[in-house]
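The working numbering applies: residue 13 is where the sequence shown begins, and numbers increase by one.
Quick reminder that beta carbons are idealized off the backbone N, C-alpha and C, glycines included.
Quick caveat: nothing in here was measured; it's all calculated off a predicted structure.
Let me begin by presenting the structure, written as structure tokens, before commenting on it.
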Amino acid sequence: MAQNKQKKVREVLIITLILNIIVLILKAVVGTITGSLSLQADALHSVTDSANNILGLVTNQLSSPIPDRDHPYGHHKFEAIGALGIAAFLGIACFEILTSALNRIIFGGEPVKIGGGELWVLIIILGINIFVAFYERKVGKKLGSNILIADATHTMSDVWITISVLLGLIGVWQSEAWNLPWLQSLDYLLAFPVAILVIKSAWEVLKGNLPWLVDQMAIAPELIHEIVMEVPGVINCHNIASRGLLGRQIFIEMHLIVNTESVKTAHDITEEIEAKLEAKFAPVRVLIHVEPLEYESSEITYENN
Numbered sequence: 013m014a015q016n017k018q019k020k021v022r023e024v025l026i027i028t029l030i031l032n033i034i035v036l037i038l039k040a041v042v043g044t045i046t047g048s049l050s051l052q053a054d055a056l057h058s059v060t061d062s063a064n065n066i067l068g069l070v071t072n073q074l075s076s077p078i079p080d081r082d083h084p085y086g087h088h089k090f091e092a093i094g095a096l097g098i099a100a101f102l103g104i105a106c107f108e109i110l111t112s113a114l115n116r117i118i119f120g121g122e123p124v125k126i127g128g129g130e131l132w133v134l135i136i137i138l139g140i141n142i143f144v145a146f147y148e149r150k151v152g153k154k155l156g157s158n159i160l161i162a163d164a165t166h167t168m169s170d171v172w173i174t175i176s177v178l179l180g181l182i183g184v185w186q187s188e189a190w191n192l193p194w195l196q197s198l199d200y201l202l203a204f205p206v207a208i209l210v211i212k213s214a215w216e217v218l219k220g221n222l223p224w225l226v227d228q229m230a231i232a233p234e235l236i237h238e239i240v241m242e243v244p245g246v247i248n249c250h251n252i253a254s255r256g257l258l259g260r261q262i263f264i265e266m267h268l269i270v271n272t273e274s275v276k277t278a279h280d281i282t283e284e285i286e287a288k289l290e291a292k293f294a295p296v297r298v299l300i301h302v303e304p305l306e307y308e309s310s311e312i313t314y315e316n317n
């Protein structure tokens with residue numbers, strides 16, 4: 013099943029990579045023809061879309077959940093690292109947008125020459141971006157793939173950027189017809205709210221992946237304790253720890269005291285505990301340390317010093 017998931021993620025990334033390259037070429041050509049600084053910056057942002065897809069393909073290949081000798085806990089964090097790479101790309105794109113807008117304000121530039129044909133191309137580009145964002149998000153949620161969800165978030169920021177650029181260029185296009193010369197400035201002024209959207213997207217990606225990388229608690233220890241204490245033969249359960257991501261891979265550790273001196277009976281109890289936790293939080297790997305009665309503790313989990 014894990015291999016099928018990797019294959020599906022790879023297929024989605026290849027499809028979106030092709031579409032993003034098409035978008036990049038169209039933006040670069042139209043931006044060069046019209047002299048639109050905002051559109052050229054948007055094209056640079058689309059470079060990151062393609063780079064993210066390539067990064068996703070690499071990390072997807074490395075992020076197998078199957079453990080091996082060098083990675084006994086699997087390779088899931090490679091995917092989280094890839095998602096953080098996307099967050100870094102978002103930050104770079106935001107910097108590019110702000111720099112372009114400030115340069116236009118301070119130093120000015122050649123007037124943008126835009127026509128109806130170029131605007132129609134931008135509408136087509138917008139449609140492709142919207143399709144890619146919703147397609148990746150839908151498949152990412154279905155498969156539980158961080159890399160697809162993060163890339164969809166990035167692509168959605170590109171949608172807002174393209175909308176901003178499109179609105180600005182429509183204003184530039186009609187500024188003379190409407191006798192509103194100030195509309196010429198829309199080409200760069202709308203870049204600022206777009207930058208805020210990019211920063212927001214980067215924060216969402218970081219927020220979704222940092223807890224995994226720093227081994228933040230995955231499941232409330234009180235909930236695990238409640239499930240374990242329902243198993244017949246369990247006297248005490250303490251020092252509970254968990255990490256990972258629900259729906260992806262969870263690791264649970266605990267110390268356990270059972271009402272038996274038989275190794276076989278204690279083993280059967282731990283097997284039942286593992287089965288209950290697997291049914292509740294699958295996929296999960298559980299490590300249980302059985303202790304003698306005198307090690308009984310009231311500390312369900314680890315406390316801050």
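Where residue i falls, given that 16 or more other Cβ within 10 Å makes a residue buried
{"i": "Gly43", "result": "buried"}
{"i": "Leu227", "result": "Checking the sequence, you will find Asp at residue 227 rather than Leu. Label assigned to Asp227: exposed."}
{"i": "Leu268", "result": "buried"}
{"i": "Asp82", "result": "exposed"}
{"i": "Phe119", "result": "exposed"}
{"i": "Val151", "result": "buried"}
{"i": "Lys276", "result": "exposed"}
{"i": "Thr28", "result": "buried"}
{"i": "Lys89", "result": "buried"}
{"i": "Trp194", "result": "exposed"}
{"i": "Ile140", "result": "buried"}
{"i": "Ser4", "result": "There is no way to answer for residue 4, as the model of the chain reaches only from 13 to 317."}
{"i": "Gly256", "result": "buried"}
{"i": "Asn32", "result": "buried"}
{"i": "Leu198", "result": "buried"}
{"i": "Ser48", "result": "buried"}
{"i": "Ser254", "result": "buried"}
{"i": "Leu51", "result": "buried"}
{"i": "Ser310", "result": "exposed"}
Cβ-Cβ separation, residue j to residue i (assumed contact under 8 angstroms), whole Å
{"i": "Tyr200", "j": "Arg260", "result": "Contact doesn't hold; Cβ gap of about 42 angstroms is too wide."}
{"i": "Ile173", "j": "Asp54", "result": "5 angstroms"}
{"i": "Glu308", "j": "Ile247", "result": "7 angstroms"}
{"i": "Tyr314", "j": "Asn221", "result": "Between Asn221 and Tyr314 the Cβ distance is about 23 angstroms, and since that is not below 8 angstroms, they are no contact."}
{"i": "Pro40", "j": "Trp224", "result": "It is Ala, not Pro, that sits at residue 40 in the sequence shown. The pair is not a contact, with the Cβ atoms about 36 angstroms apart (cut-off 8 angstroms)."}
{"i": "Ser213", "j": "Ser169", "result": "4 angstroms"}
{"i": "Ile270", "j": "Ile281", "result": "Correcting the residue identity first, residue 270 is Val in this sequence and not Ile. About 5 angstroms separates the two Cβ atoms, so the contact holds."}
Residue i vs residue j beta-carbon contact at 7 angstroms
{"i": "Val124", "j": "Val35", "result": "no"}
{"i": "Ala207", "j": "Leu110", "result": "yes"}
{"i": "Ala99", "j": "Val217", "result": "yes"}
{"i": "Val133", "j": "Leu38", "result": "yes"}
{"i": "Arg126", "j": "Leu179", "result": "Checking the sequence shown, residue 126 turns out to be Ile, not Arg. For Ile126 and Leu179, no; Cβs fall outside 7 angstroms."}
{"i": "Ile159", "j": "Ala95", "result": "yes"}
{"i": "Ala294", "j": "Val210", "result": "no"}
{"i": "Leu138", "j": "Ser176", "result": "no"}
{"i": "Val243", "j": "Ala278", "result": "no"}
{"i": "Pro233", "j": "Ile300", "result": "no"}
Same chain, Cβ closer than 7 angstroms to residue i, neighbours up to 5 away in sequence not counted
{"i": "Leu155", "result": "Lys17, Lys20, Val21"}
{"i": "Glu108", "result": "Ala53, Leu56, His57"}
{"i": "Val296", "result": "Ile262, Ile264, Leu289, Glu290"}
{"i": "Ile142", "result": "Val171"}
{"i": "Cys249", "result": "His237, Val240, Met241, Met266, Leu268"}
{"i": "Lys153", "result": "Ile161"}
{"i": "Asn64", "result": "Ile98, Phe101, Asp163, His166"}
{"i": "Ile148", "result": "The sequence shown places Glu at residue 148, rather than the Ile named in the question. Result list for Glu148: Val24, Thr28, Leu160, Asp163, Ala164, Thr167, in chain order."}
{"i": "Pro79", "result": "Tyr85, Gly86"}
{"i": "Gly103", "result": "Ala214"}
{"i": "Trp190", "result": "none"}
{"i": "Val59", "result": "Leu36"}
{"i": "Leu258", "result": "Ala230, Phe293"}
Residues near residue i in its chain [Cβ-Cβ closer than 8 angstroms; skip 5 each side]
{"i": "Asn187", "result": "Going by the sequence as given, residue 187 is Ser instead of Asn. Closer than 8 angstroms at the Cβ level, and outside the excluded window around Ser187, lie Pro193, Trp194, Leu195, Gln196."}
{"i": "Pro304", "result": "Ile269"}
{"i": "Leu131", "result": "Leu178, Leu181, Ile182, Trp185"}
{"i": "Thr272", "result": "Gly245, Ala278, Ile281"}
Contact set for residue i: own chain, Cβ-Cβ below 6 angstroms, skip 5 residues either direction
{"i": "Ile135", "result": "none"}
{"i": "Thr46", "result": "Val124, Lys125, Ile126, Glu130"}
| request: Mind listing, in chain order, the continuous alpha helix (DSSP H) runs of no fewer than 4 residues lying wholly within the segment 170-212? | output: 198-201
| Which runs of the alpha helix (DSSP H) spanning at least 4 residues fall entirely within the segment 237-294, listed in chain order? | 275-293
| Fully enclosed by the segment 39-66, which beta strand (DSSP E) runs are 3 residues long or longer? | none
| request: With a floor of 3 residues, list each beta strand (DSSP E) that falls wholly inside the segment 129-176, ordered by position along the chain. | output: none
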